[in-house]
Amino acid sequence: MNVNLDDMLSYNQRFVEKKDYEPYRTNNIPNKRTVIFTCMDTRLVELLPKALNIQNGDVKMVKNAGAILRDPFDSIMKSILVAIYELQAEQVIVIGHHDCGMSHMKTEAFKQGMKHRGISAETLQTIDHAGIDLDREFAGFHSVEESVEESVSVIKNHPLIPDDVGVHGLTIDPETGKIDLVTKGQ
Ligand SMILES: [Zn+2]
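Positions in the sequence shown are counted from 1; adding 15 to them yields the working numbering.
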């Protein structure tokens, strides 16, 4: 069931009228000088900040499916660089989670789903001919710890990351919020 956009907009009108935004007022510099890179999983939307005592204004948070970072110039890496150079972030924390959808990603079924939704074989072929390998682009992972380490390694070894930026890796349990350390930077 998707929420009707009109309902969202009328809720928003009341939110602003009642000044419900007041407890959330802050600025764009992260109080904790931290960038968090995590998964877009629905279970983490409120749980992750609560589990780490993160309030509005405390961190920059970037997300994608699986907290997977493999390409040193994808949009996640660009956001991390902006957070460091423009917004005073001093450390990066990658947080993967157990039971992640990307840990059992089947790219064949994924492509079948596209076909069922009306994406033509020709379109998929054109993308393939353009040199874009969907199996590679949407590859998931087997071990969340290994995946977190890989993402940490792309950030830590990035040529544009200054040496004094700490890069850490954690996992979170999406049921209990329990955090485990994977790798600790400086
Ligand atoms: Zn996930």
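Backbone N, C-alpha and C define an ideal beta-carbon position, used for all residues, glycine too. Bear in mind that the values here come from a model prediction, so they are computed numbers and not experimental data.
- In the three-state reduction of the DSSP assignment, MET76 falls in the strand class, which pools E and B.
- Uninterrupted alpha helix (DSSP H) stretches at least 4 residues long and entirely within the segment 136-182 occur at 136-144, 149-152, 159-171, given in chain order.
- In this structure, the straight-line span from the alpha carbon of GLY192 to that of GLU32 is close to 34 Å.
- Secondary structure of THR122 (DSSP, three-state): helix.
- In this structure, ASP35 has its beta carbon at no less than 6 Å from each heavy atom of ligand 1.
- Counting only the Cα atoms, MET129 lies some 20 Å from ASN17.
- In terms of CA proximity to VAL180, GLN106 leads the group GLN106, ASP195, ASP150, ASP21.
- Look at ILE69 here: in three-state DSSP terms it is coil, with no helix or strand label.
- Contact between THR122 and LEU149 holds: their C-beta atoms lie close to 6 Å from each other, under 8 Å.
- In this structure, ASP56 has its CB closer than 6 Å to one or more heavy atoms of ligand 1.
- Look at ILE99 here: in three-state DSSP terms it is helix.
- DSSP links GLY184 through a beta bridge to VAL109, THR198.
- SER166 is the residue among SER166, VAL197, GLY72, THR141 whose C-alpha sits nearest the C-alpha of PHE88.
- Look at GLY116: its beta carbon is less than 6 Å from one of the heavy atoms in ligand 1.
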